[in-house]
Amino acid sequence: MGTLRYRRIMLKIGGEALAGEGGFGFDPDQATSVATKVRRLRDLGTEIAIVIGGGNLWRGKDGLDHGMEQSVSDHMGMLATVMNGLALGDALHRVGLEPRVMTAIEMRAVAEPYIRGRAIRHLEKGRTIIMAAGTGNPYFTTDTAAALRAMEINAEVLIKATKVDGIFDKDPHRFSDAQRFDHLTYIQALNLRVGVMDSTALTLCMDNDLPIIVLDFWQANSVERAILGEAVGTLVTA
Ligand code: UDP
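In terms of this note's numbering, the sequence shown opens at residue 1430 and continues consecutively.
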């Protein structure tokens, strides 16, 4: 086993990773697959915080298109991330990890409230934390929550786990000649207006010099290789 390049990581997993057919709904077997991958990272000695999305169940935008109030629709989106967080916590437990689900919106009957010091303590004790309910505020995304929490817990990298192998100049699912970038500066990523991460999240990482790695979560050992320092996906730095 090589030496870890990153010891404490923030892993942003979109809700789609837990989805059933067609990218929607929730599939418990998908949660188990995700958990199995997280287990392998943990076995390398990494401290892992996960921010989970909710896009498989609800995105704020879904409601806006039908005239809903954005704050209401976004609250629904944050609640969707809690459902995913609970499911992922359950799956992590089943693969032998010690998960702690924390929420940015207090709901003590189902999960711990997010408290920075407590989150860090969990990591130090080898527990894997799942941060649900995004930032707790509407008008944000879970990418921004991942950037924010990464900073708060002093994570060394933000790994954005997607279905594509990094950042491309155009959608690789639609264009066969799409080019992948090995490395981008924050400014280049911002200027490209890449759909893969929103500008608020990118800016927060830029202002605080937090490296971002965008990679294909489903490619064999992609995250392991990234945390061991191999060039995987697209690295975004200053
Ligand atoms: N959301 C929010 N504030 C946050 C994080 C998320 O309002 O801090 C809402 C927003 O409506 C978003 C939804 O929760 O569309 C689900 O999160 P996201 O779209 O980031 O999930 P992902 O695409 O990663 O599955």
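Yeah, the Cβ is synthetic: ideal placement off N, Cα and C, and Gly gets one too. Predicted model only: the values in this text are computed from it and were never measured.
> Does the distance from the C-beta atom of A1655 to that of L1552 stay below 8 Å?
Replying inline: Cβ atoms of A1655 and L1552: not closer than 8 Å.
> Over what stretch of residues does the beta strand (DSSP E) that includes L1613 continue unbroken?
Replying inline: Per DSSP, L1613 belongs to the beta strand (DSSP E) from 1612-1614.
>> Please report the straight-line C-alpha distance between M1536 and H1612, rounded to a whole angstrom.
In response: 40 Å
> Roughly how many angstroms separate the alpha carbons of G1518 and A1649, rounded to a whole number?
Replying inline: 22 Å
> At a cut-off of 7 Å, is F1569 close to the ligand UDP when judged by its beta-carbon and the heavy atoms of the ligand?
Replying inline: Result yes, Cβ under 7 Å from the ligand UDP.
> Rounded to a whole number of angstroms, what is the C-alpha to C-alpha distance between I1616 and G1506?
Replying inline: 29 Å
> First and last residue of the alpha helix (DSSP H) that includes E1498?
Replying inline: Per DSSP, E1498 belongs to no alpha helix (DSSP H) and is neither H nor E.
> Shortest alpha-carbon distance to T1564 belongs to which of G1555, T1557, K1554, R1578?
Replying inline: Ranking the options by Cα distance to T1564, first place goes to R1578.
>> Suppose the cutoff is 8 Å on Cβ atoms and the five residues either side in sequence are ignored; what does the same chain contact list for I1627 look like?
In response: Looking at the sequence itself, residue 1627 is Asp, so the reference to Ile does not match. Here the set comprises T1570, D1572, T1573.
> According to DSSP, is V1586 helix, strand or coil?
Replying inline: Three-state DSSP puts V1586 in a strand.
> Would the beta-carbon of S1628 be found less than 7 Å away from any heavy atom of the ligand UDP?
Replying inline: no
> Measuring from the CB of A1509, is there a heavy atom of the ligand UDP at a distance below 7 Å?
Replying inline: Checking every heavy atom of the ligand UDP against the Cβ of A1509, one is found closer than 7 Å.
>> Once DSSP output is grouped into helix, strand and coil, what is the label at L1639?
In response: coil
> Does DSSP put R1578 in a helix, in a strand, or in coil?
Replying inline: helix
>> Just to confirm my understanding: we take R1547, look at its own chain, exclude 5 residues before and 5 after, and list those with CB closer than 8 Å. What are they?
In response: M1531, E1541
>> Which same chain residues end up closer than 6 Å to T1666 when comparing Cβ atoms and leaving out the 5 residues on each side of it in sequence?
In response: P1640
>> Buried or exposed for E1527, going by 16 or more other Cβ atoms inside 10 Å?
In response: exposed
> What does a CB cutoff of less than 6 Å around S1500 pick up in its chain, not counting 5 residues either side in sequence?
Replying inline: P1567.
>> Only counting the same chain, and skipping five residues up and downstream in sequence, which positions put a Cβ closer than 6 Å to that of T1629?
In response: T1573
> When you compare each of A1562, I1549, K1466 to V1480 by their alpha carbons, which one comes out closest?
Replying inline: A1562
>> Just verifying my parser: in three-state terms, what is the DSSP assignment at D1458?
In response: DSSP places D1458 in helix when its eight states are reduced to three.
>> DSSP has F1597 in a bridge; who is on the other side?
In response: The partner list for F1597 (beta bridge, DSSP) reads R1609.
>> Output needed for I1442: all residues of its chain with C-beta closer than 8 Å, excluding positions within five of it in sequence on either side, in chain order.
In response: V1463, I1479, V1480, I1481, G1482, L1517, A1590, F1646
>> Considering only their Cβ atoms, is the gap separating F1455 from L1433 smaller than 8 Å?
In response: Using a Cβ distance threshold of 8 Å, L1433 and F1455 do not count as a contacting pair.
> Between D1606, R1436, G1662, L1508, which lies nearest to D1625 when the distance is taken from Cα to Cα?
Replying inline: Residue 1625 is actually Val in this sequence, not Asp. Of D1606, R1436, G1662, L1508, the residue nearest in Cα terms is G1662.
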